[in-house]
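Q: One structure, as structure tokens, below. Some questions next.
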Amino acid sequence: MAQKFFDSLEYKSNLENINTEKAAFLKEFELQYGYAGKIDQIREEEYPQLNGAIFLDHSATTTYAKSSLTSFTTDLTNNLYGNPHANSPSSQRCNQRLDQIRDRVLRHFNTNPDYYQVIFTQNATAAIKLVGEIFPWTSGQSSYKYLRESHNSIIGLRRFAEEFNAQSIQAITEDDFFSVFDSDSVRQTKYLPRDNHNNITYNLFAYPAQCNFSGIRFPLTWTCEIKKFNNKNNDSKTLVLLDAAAYISSSLLSLSEVDTSPDFITISFYKMFGYPTGLGALIVKSELEPILRKRYFGGGTLDSIAYDRPWQKFRKSLHERYEDGTINFLDIIALDHAFDASERLFNNFNFIKSHVTSLMIYLSRNMKSLQHYNGRSVCVVYSNNDFSDNTFQGPVFSFNVKRADGSWVGYLELERLASVNGIHIRSGILCNPGSVARWIKLYPENIIDSFASGKTCHDEQDMWDGKPAGAVRISVGAMSTIDDILVWMDFFKKYFVESSPPYSMTQNIKNIDENSTSSDQNLVLEKVTLFPIKSCHGFNISPFTSWPITSQGLLYDREWMLIDAGKGKALSQKILPRMTLIRPVILRDKGLLLVSAPDRDPLYINLDPEGVELSTYSSQVCGDKIQAYIYTSPEISEWFSSFLGLSCRLARHASMTNDCLMQRRFIKPHLDASENAPLSLSNESPFLMISHSSVDHVNKKIKEEGNREVKPDCFRGNFLINGATEFDEDQWKMVRFGGQVFKIIGPCRRCRMVCINHENAEVTKEPYSTLARCRRFKGKIYFGHHMVHVPDLSKIPYVIESGSSVQIEYIN
Ligand SMILES: *Cc1c(COP(=O)(O)O)cnc(C)c1O
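The numbering of the sequence shown is the working numbering, which starts it at 17 and goes up by one.
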């Protein structure tokens, strides 16, 4: 598959290196990896949805085999399945099928209905919640303990414990395990009355078989230990809930030793098979039936009921009693096909386990060995385990990245770059605050403080208090290949391992004194562009035609914008790439703004606001309040709305009235704040300068990657300079175009908007992806420089023209 697979990817890797590495890997792991040489064929035939993707987020969900879907749909189209609560032949068929599948689930866990029962739920979380609901809590006496590294869904059980006024609710660490439970049994023996032997207090202990954050597997022998403690004590017993949701995706969990196995096991099936989703199970010990408590009841759970008094009799078997309402019966049938496909493709989960372990050994070894040019490690890894030991480590690699200078790389930076390159990973707190405390040392106090300052789990802030606010997680599954891992390594090394000191804006500053100008360069102002309508196509000033400049920018630059008719928010090309096909032209001599777009008659708008029907309007641009006027003409609104396919209106910045009090926006503080120049509707500064040579340099790198080159237009500069050496502009302080002097106030930060092709509105990954390699500094990507005009009364009128010569003063 190799060549075809690599061709389909967004990310272009160095194939020669990959092939050498792959050969070495296959030799080393020939016995463990690849299901006796079948993996490439399996991948190609059964997982077409993975074409073009490097999917490394199997802990979130693995993906489904094609044949499981086709056999499922064939089954449904050949058989009629009725609601399992009814008695018709179709319902009976369905019921029979469901019973077989319950048995199959139990067989998978090496047990049978004498010992365990399957209660189908919506997912693992619903199964966990059900435990909280039916657990025999004793008010004021039961306790709930859970391992610190539990998923939020397990921590959430403490709300039931709170409701029952639990004697204690405690998150324990691995090291505490023995001391906590042993002392518990001793303490409780002392305190509780010994005369009533039937009156047992039940406590609950919950822990994950595999941590969803770090992949660490916690001892399955803990249940056995707890049972030993239970035996020392007649008055209280601790039941064990094993959250197996993460564990079961690549390992067999055996419940064959019933006496030493957990009481409750919770799972989600999509984590095993990718499909069906919306289906999980609580596997519960049959012997617990007499003590579990039914609270709410729904359809299907009753043997008899009186509608007007608190009298109802519940069905006997556990699943009949606790599955309220109609279960997801068709997806349970899909589960049968998922089991079939998995057995057909991978034989059994032990083969999956050995396959993923070989990938983890390779991945962890290579990630851990990465070093920057100065010898510092690149990855901080969130597991101390040996990745070859799959008793204690699942196929998950969680980490954060440090730069050569020791600073952290934000996980969102990594995730975004991976996404641009078609690589699917997960980052963040991962619903596991206990692991964040353990590994990142971000403790509950820190989290509470951060929330008080406005930080939430879902925001865009990936650092807190100088620490990462989460981790990057890579996880593999049954159908992952060594190719996936090799592409990942290639990508990661290219973007995050510094083989030389990082690019810096102020490095190698040239030693040129204050007033010197460049003599060795023959610079010319190649193009002057303005963007009359914010986020639409640029308008180039004809060569050798002078154009007025104001303190806010080129005359008419970003004077108009489009706002959505509902919320009044400014529209952006970032969300509507098609905006770039709207071409405004300023006809100064005619006093008109001419707007054209493909397949549309041109629209003419008077430049003179007098006589145009406008209504006032206030809005926000880039976080600042602004005053604007809206064109009320239905013809104008209709023209833009029909082209963009969304209801919008044209607005004009209020500064056109020269009412300075209206002017509220100024240059952004990350730029040179001493320059308090006002802004039009542009985001950051009045003028943006781009050097053609730097664009050429980026294009050279883009070509080396085998990608399509970009035009200078994509950087949306006002001034395009030709003749400088690449990135020389990073050392410039002042620039003179003809007679007018401009001061450079800072480099321009870039987002993915540069990826929009201005001719056809197509979005690609370039030049962002390449800039991220050669122009990324402390997580920000820079290209081009912001400027302000330095007014000099002896140089009136303030005009500029393309074709004029350029002179430079360097930073000293
Ligand atoms: C995925 C997962 C859960 C939650 O599963 P849902 O399907 O979202 O309910 C709980 N615990 C662990 C360890 C998991 O990996």
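Note that beta-carbon positions come from the ideal geometry of N, C-alpha and C, so glycine has one too.
1) In whole angstroms, give me the CA-to-CA distance for residue 49 and residue 298.
2) Kindly indicate the opening and closing residues of the beta strand (DSSP E) around residue 443.
3) Thinking C-beta only, is residue 726 closer than 8 Å to residue 651?
4) Run through DSSP, which three-state label would residue 757 get?
5) For residue 665, which beta-bridge partners are listed by DSSP?
6) With burial defined as no fewer than 16 other Cβ atoms inside 10 Å of the residue's Cβ, what is the status of residue 767: buried or exposed?
7) Determine whether the Cβ of residue 343 lies closer than 8 Å to any Cβ atom of chain D.
8) For residue 19, which residues of its own chain have a beta-carbon under 7 Å away from its beta-carbon, when the five flanking residues on both sides are left out?
9) Where does residue 395 fall in DSSP's three states?
10) Residues around ligand 1, please: the condition is that the C-beta lies closer than 5 Å to some non-hydrogen atom of it.
11) Run through the segment 325-378 for me and flag every whole beta strand (DSSP E) of 3 or more residues, listed as ranges in chain order.
12) Using only CA atoms, which one of 714, 116, 539 lies nearest to residue 128?
13) Identify which residue in 559, 596, 425 has its Cα closest to the Cα of residue 793.
14) Starting from residue 833, follow the beta strand (DSSP E) in both directions and report where the run begins and ends.
15) Would you please state the rounded distance, in angstroms, between the beta carbons of residue 225 and residue 255? I believe it to be under 8 Å.
16) For residue 295, tell me which candidate among 347, 319, 503 has the shortest Cα-Cα distance.
17) Comparing C-alpha positions only, which one of 777, 827, 641, 401 sits nearest to residue 699?
18) Find out if the Cβ-Cβ distance for the pair residue 841, residue 45 is shorter than 8 Å.
19) May I have the straight-line CA-CA distance separating residue 661 from residue 599, to the nearest angstrom?
20) What residue ranges within the segment 384-470 form continuous beta strand (DSSP E) runs of no fewer than 3 residues, ordered along the chain?
21) What residue from 84, 179, 587 has the CA that sits closest to residue 356's CA?
22) Just to confirm my understanding: we take residue 180, look at its own chain, exclude 5 residues before and 5 after, and list those with CB closer than 7 Å. What are they?
23) Could you give the DSSP three-state label for residue 622: helix, strand or coil?
24) Apply the 10 Å Cβ neighbour rule to residue 563 and answer buried if 16 or more other Cβ atoms are within range, or exposed otherwise.
25) Please tell me whether residue 846 and residue 292 are closer than 8 Å, where the distance is taken between their beta carbons.
26) With DSSP collapsed to three states, give me the class of residue 745.
27) By DSSP's criteria, residue 569 is part of a beta bridge. Which residues make up the other side?
28) Can you name the start and end residues of the beta strand (DSSP E) that residue 608 belongs to?
29) Just tell me which of 305, 421, 495 has its CA closest to the CA of residue 59.
30) Report, in whole angstroms, the separation of the C-beta atoms of residue 771 and residue 801, which I expect to be a contact under 8 Å.
31) On the DSSP letters alone, give me the boundaries of the alpha helix (DSSP H) that residue 502 sits inside.
32) Using the beta-carbon count (16 or more within 10 Å), is residue 105 buried or exposed?
33) Are residue 702 and residue 569 closer than 8 Å when you measure CB to CB?
34) With DSSP as the reference, please indicate the residues paired to residue 640 in a beta bridge.
35) Looking only at its chain, what residues have a beta carbon closer than 8 Å to the beta carbon of residue 460, apart from the 5 residues adjacent to it on each side?
36) To the nearest angstrom, how far is the alpha carbon of residue 114 from that of residue 308?
A: Checking against the coordinates, here is how it stands:
1) Here the question's residue 49 lines up with position 33 in the sequence shown. Here the question's residue 298 lines up with position 282 in the sequence shown. Roughly 32 Å separates the two Cα atoms.
2) In the sequence shown, the residue the question calls residue 443 occupies position 427. Start and end: 442-444.
3) Here residue 651 refers to the residue found at position 635 when the sequence shown is read from its first residue. Here residue 726 refers to the residue found at position 710 when the sequence shown is read from its first residue. Cβ distance not < 8 Å, so residue 651 and residue 726 don't count as in contact.
4) Mapped onto the sequence shown, residue 757 falls at position 741. Residue 757 falls in the strand class under three-state DSSP.
5) The sequence position of residue 665 within the sequence shown is 649, counting from 1. Residue 665 pairs with 579.
6) Here residue 767 refers to the residue found at position 751 of the sequence shown. Result: exposed.
7) Protein chain content of the structure displayed is limited to a single chain, and chain D is not contained in it.
8) The residue you call residue 19 lines up with position 3 of the sequence shown. Here residue 19 has no same chain residue with a Cβ atom under 7 Å from its own Cβ, once five neighbours each way along the sequence are excluded.
9) Along the sequence shown, read from residue 1 onward, the residue named residue 395 stands at position 379. Looking at residue 395 - three-state DSSP - the assignment turns out to be strand.
10) 139, 140, 141, 167, 169, 224, 228, 259, 261, 262, 284
11) 328-330
12) Taking the sequence shown and counting its residues from 1, one reaches residue 128 at position 112. The closest CA to that of residue 128, considering only 714, 116, 539, is found on 116.
13) Locating residue 793 in the sequence shown gives position 777, where the first residue counts as 1. Closest option to residue 793, Cα to Cα, is 425.
14) Past the edges of the chain, shown from 17 to 828, lies residue 833, and the structure says nothing about it.
15) The count along the sequence shown starts at 1 and reaches residue 225 at position 209. The count along the sequence shown starts at 1 and reaches residue 255 at position 239. The pair is not a contact, with the Cβ atoms about 16 Å apart (cut-off 8 Å).
16) Taking the first residue of the sequence shown as 1, we reach residue 295 at position 279. The residue with the shortest Cα to Cα distance from residue 295 is 347.
17) Numbered from 1 along the sequence shown, position 683 holds the residue referred to as residue 699. The candidate whose alpha carbon is nearest that of residue 699 is 641.
18) Coverage of the chain is limited to positions 17 through 828, which leaves residue 841 absent and any answer about it impossible.
19) Here residue 661 corresponds to residue number 645 of the sequence shown, with the count starting at 1. Here residue 599 corresponds to residue number 583 of the sequence shown, with the count starting at 1. Cα to Cα, residue 661 sits roughly 17 Å from residue 599.
20) 395-397, 412-418, 442-444
21) As a working note, residue 356 is residue 340 in the sequence shown. Checked all of 84, 179, 587; the closest Cα to residue 356 is 84.
22) Counting from one through the sequence shown, the residue named residue 180 turns up at place 164. Excluding residues within five positions, the ones whose Cβ falls inside 7 Å are 153, 155, 158.
23) Position 606 of the sequence shown, counting from 1, holds the residue named residue 622. In this structure, residue 622 counts as strand in the three-state DSSP scheme.
24) The residue given as residue 563 occupies position 547 in the sequence shown. Around the Cβ of residue 563, a 10 Å sphere holds 16 or more other Cβ atoms; the residue is buried.
25) A query on residue 846 cannot be resolved here, the shown segment of the chain reaching from 17 to 828 and no further.
26) Counted from its first residue, the sequence shown places residue 745 at position 729. DSSP places residue 745 in helix when its eight states are reduced to three.
27) Here residue 569 corresponds to residue number 553 of the sequence shown, with the count starting at 1. Bridge partners of residue 569: 566.
28) Taking the first residue of the sequence shown as 1, we reach residue 608 at position 592. Taken as a continuous stretch (DSSP letters only), the beta strand (DSSP E) holding residue 608 covers 608-612.
29) Position 43 of the sequence shown, counted from the first residue, corresponds to residue 59. Considering only alpha carbons, the answer is 495.
30) The residue given as residue 771 occupies position 755 in the sequence shown. The residue given as residue 801 occupies position 785 in the sequence shown. Contact between residue 771 and residue 801 fails: their C-beta atoms lie close to 20 Å from each other, not under 8 Å.
31) Within the sequence shown, the letter at position 486 stands for residue 502. Element bounds for residue 502: 498-512.
32) The residue labelled residue 105 in the question sits at position 89 within the sequence shown. Under the 10 Å beta carbon count, residue 105 is surrounded by fewer than 16 other beta carbons and is classified as exposed.
33) Indexing the sequence shown from 1 puts residue 702 at position 686. Indexing the sequence shown from 1 puts residue 569 at position 553. Yes, the pair counts as a contact, with Cβ atoms nearer than the cut-off.
34) Taking the first residue of the sequence shown as 1, we reach residue 640 at position 624. Paired residue(s): 637.
35) Taking the first residue of the sequence shown as position 1, residue 460 is located at position 444. Non-local C-beta neighbours of residue 460 in its own chain, meaning closer than 8 Å and more than five positions away in sequence, comprise 449, 453, ordered along the chain.
36) The sequence position of residue 114 within the sequence shown is 98, counting from 1. The sequence position of residue 308 within the sequence shown is 292, counting from 1. Approximately 23 Å, taken between the alpha carbons.
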